[in-house]
Amino acid sequence: MSSIKLKGITKSYGKNTPVIKNLNLSITDGGFTILLGPSGCGKSTILRIIAGLESTDIGSVEIGGRDMSGVEPGDRGVAMVFQNYALYPTMTVRENIEFGLKNMKIPKAERDERIDESVRMVGLEDFLDRKPKSLSGGQRQRVALARAIVKKSEVFLMDEPLSNLDAKLRAQIRTDLIELHRKLGITFVYVTHDQVEAMSMGTEIILLEAGAVRQQAVPSRLYDAPENLFAARFIGSPPMNVVEAKALGAVGLPPAVKHIAFRPEKALLMRASSPLPYDAVRIRGELTAREMLGDRVVCKVKTDSCCIYAKTADEFPPEYGTVTVVAHREHLHFFDDDERRVEVS
Amino acid sequence: MESRAVKQKFKHAPLSVLKLAVLASLGFAMIFPFLWMAVSALKTRQELLDFSVILPAVPQWGNYAQVLLDSPIPRYIANSVFVSAVTVAYQLFSGALLAYAVVFMNFRGKGALFAVVLGCYMVPGAATYIPCYILLAKMGLLDTYSGLIISNLVSIFGVFLLRQAFMQIPAELYEAARMDNAGHWKTLWRVVFPLTRPTFISFALIALIACYNNYMWPSLITNSPDLSLVSQGLRHFFIESGAYGTNWALVMAASTLVTAPLLLLFALIQKWFIASIGADTGVKG
Ligand SMILES: Nc1ncnc2c1ncn2[C@@H]1O[C@H](COP(=O)(O)OP(=O)(O)OP(=O)(O)O)[C@@H](O)[C@H]1O
Ligand SMILES: [Mg+2]
């Protein structure tokens, strides 16, 4: 049992205004939960509060149903992977991995066994006697993982562990992490500001803004049914197109609807003269930029009131000039004045 | 490629010759008094007072033998080595603990504590002589090594130096140690110390030299000739031989021998000492 609960957490640094105010969070046991949000929204702070590295003004942390107030970081049954790996530079890889076990007074035979196992899991067998300085970024990353694995904690905390790696390595370690999570079957809490990382790895995403939860959902739901405009705009690349309901002149909508949004993937570009499909909204604008992504083309359309992006698989994208953006009714999302989702039947 | 490297070497040749010349002459100016002293100890009385004699005709090794075998100088050297070693060991230890607390631990009044420590640094040493003397007298520790060592248990300079070094260590490393169940003691000696070893070594060296050379305070505290440290002992030795009959060659021999331990020490650890000057703490990379 290692679900994590944060109850009524408020945290401020020094005498500044709180970065987190009355936060309530519940992280599922055995899940791969992502804390996602823009830079400075308090993701690292939350993770460090769970780890016990940061104190709180008010509120409590529970791990596996046990209240953690007054429990030292080392005694919480959590392991942490730091952004810069935080390997001990003067110790070899083996000593780095072993340090925590020694401190836990685990006998030598068991230590060796556990080190072997964790090192095999991340493929570091040949590097045990090296110092961190002589390892590549990816190898250091794996040492940090092994150091966490070896402790057999019930919870794994990771703070942007991939941000220092190049794109290719990042993609590879992403799948490695998914495998690792399935193999260990423990609770992963993973901090990132990268939505691609979040969507691809997470079983659940907690989207944060300014220290508050904006939406907590499985990745597909976050993508398909954002609960507010913030979530709509944060997920997706390019993000959701948002237009004023007034500007569209759409009919038959409840009066509460103030914003209409649709994903660039769902936007169609048509020549101004083409006939309008049944049950869709249309916006006229000027196609001003085309960006080839390989399998897709991102088109930027300037309209009177805003900028709209359309992502099409079309191998022959429309010519520059006047176009009509069309979005089917079933792909539209509606939001009210408070930027909250409105369901329209 | 090769010719370019050669060309470059030659281009800088005049500069490096000049640099070498300047460095050599500075070095010679530094070492000259010492060499003069060491060589003078080998001269006869007449040779010593005649400045035109650079090297003695027959080296009088007996002078060194006499000081070594027949004077209290070796005893003074041993006294000083002992007192300095113990004092510096304590200073390293207390400095590490205090610096660790100030850098890594969070507690109420931390800022105030460090301000007080720094404040002590600003008080001139001489101003503390009388209160310290009275304190030691009340504790009955005058004329003992305990008194001498206790009054030098902490070096503010050392605390400051170590604090600067500790502050270079990323907080993540300290936090990783906490996640790894390491207590403060383990963190200090297994994580922090190995990273800041050069600073420990340079501070030890500086403190050893200062302790070994210290004259004023030890001469106030200790009275018995048996307990004298080198700087005091040298003075005894100098006076004992009488104002008119001063045997300068013997004084030179004694002085040379007195500096020997420091030279030896420096020869042993100069590699680390030089490496630690301006070196980073090895955290990067
Ligand atoms: N030690 C500190 N002292 C004062 N303010 C801090 C401290 N650490 C963080 N903050 C502030 O708290 C807020 C949240 O910081 P936090 O590091 O949790 O953000 P984050 O979501 O992890 O951002 P990033 O994605 O850039 O890492 C920021 O506004 C930051 O300036
Ligand atoms: Mg962060």
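Residue numbers (the numbering used here), protein chains in the order written: chain A, 499 to 843; chain B, 548 to 832. Using N, Cα and C, we set each Cβ at its ideal position, and we do this for glycine too. The structure presented is a predicted model; accordingly, all values stated were derived computationally and were not measured.
A/GLU789 is the residue among A/ASN601, A/GLU789, A/LYS744 and A/PRO752 whose C-alpha sits nearest the C-alpha of A/PRO762. Across the structure, B/TRP764 and B/MET669 are spaced so that their CA atoms are roughly 18 angstroms apart. The beta carbons of A/SER661 and A/GLN581 sit closer together than 8 angstroms. Under a criterion of Cβ atoms nearer than 9 angstroms, no residue of chain A is adjacent to B/PRO606; the nearest Cβ is some 49 angstroms distant.
Here A/PHE833 is buried, its C-beta having at least 16 other C-beta atoms within 10 Å. A/THR588 belongs to the set of residues whose beta carbon lies under 8 angstroms from a beta carbon in chain B.
The beta carbon of A/SER542 sits closer than 7 angstroms to at least one heavy atom of ligand 2. Taking 8 angstroms as the cut-off, the beta carbon of A/VAL579 is found closer than this to the beta carbon of A/LEU643. Neighbours of B/ARG725 across chain A, judged by C-beta separation under 9 angstroms: ALA549, GLY550, LEU551, GLU570, PRO571 and GLY572. Taken from the Cβ of B/SER771, every heavy atom of ligand 1 lies 7 angstroms or farther away.
By the neighbour-count criterion, in which 16 or more other beta carbons inside 10 Å mark a residue as buried, B/PHE651 falls on the buried side. Pairing A/THR822 with A/ARG794 gives a Cβ-Cβ distance that is not under 8 angstroms. Out of B/TRP608, B/TRP819 and B/ALA662, the CA that lies nearest to the CA of B/LEU752 is found in B/TRP819. For A/CYS539, the distance from the CB to the nearest heavy atom of ligand 1 is below 7 angstroms.
A/GLN713: member of the beta strand (DSSP E) spanning 710-715, first to last residue. Pairing A/LYS798 with A/TYR818, the inter-Cα distance amounts to about 10 angstroms. Rounded to the nearest whole angstrom, the C-alpha separation of A/GLU623 and A/PRO587 is 19 angstroms.
Around the beta-carbon of A/PHE728, 16 or more other beta-carbon atoms lie within 10 Å, marking it buried.
Runs of alpha helix (DSSP H) with 4 or more residues, each lying fully within the stretch 733-778 of chain B, are found at 740-760 and 763-768, listed in chain order. For A/THR673, the uninterrupted alpha helix (DSSP H) run begins and ends at 665-682, by DSSP. The C-beta separation of A/ASN726 from A/GLN714 comes to about 12 angstroms, leaving the pair out of contact by the 8 angstroms criterion. By the Cβ-count criterion, A/MET738 is buried, with 16 or more other Cβ atoms from all chains shown falling within 10 Å of its own Cβ. When C-alpha distances from B/PHE629 are compared across B/TYR759, B/ALA729, B/PRO671 and B/ALA807, the shortest belongs to B/TYR759.
Our two residues, A/PHE654 and A/LYS603, have alpha carbons roughly 21 angstroms apart in a direct line.
For A/PHE580, the chain B residues whose C-beta falls within less than 7 angstroms of its own C-beta are GLU719 and ALA723, listed in chain order. B/TYR623 and B/ASN770 have their C-alpha atoms some 13 angstroms from each other.
In the same chain as A/GLU841, and ignoring 5 residues on each side of it, the C-beta atoms closer than 8 angstroms to its own belong to PHE832, in chain order. Contacts with chain A at 8 angstroms (Cβ-Cβ) include B/PRO741. For A/VAL687, the shortest C-beta to heavy atom distance toward ligand 1 is 7 angstroms or greater. Contact check between the stretch 720-728 of chain B and the stretch 690-703 of chain B: fewer than three CB pairs, one atom from each, fall below 8 angstroms, which does not count as touching. Leaving aside the five residues that flank B/VAL635 on each side, the residues in its chain whose CB is nearer than 7 angstroms to its CB run, in chain order, ALA751, ALA754, LEU755 and CYS758.
Taking 7 angstroms as the cut-off between beta carbons, none of the residues of the stretch 790-822 of chain A comes near chain B. For A/MET602, a Cβ of chain B is located within less than 8 angstroms of the residue's own Cβ. Bounds of any beta strand (DSSP E) do not take in A/ARG618; it lies within the alpha helix (DSSP H) bounded by 606-620. Setting aside the 5 residues that flank it on each side, B/ALA796 is surrounded in the same chain by SER587, ALA588, LEU589, LYS590, THR591, ARG592, LEU595, GLN607 and ASN610, each with a C-beta closer than 8 angstroms to its C-beta; the list follows chain order.
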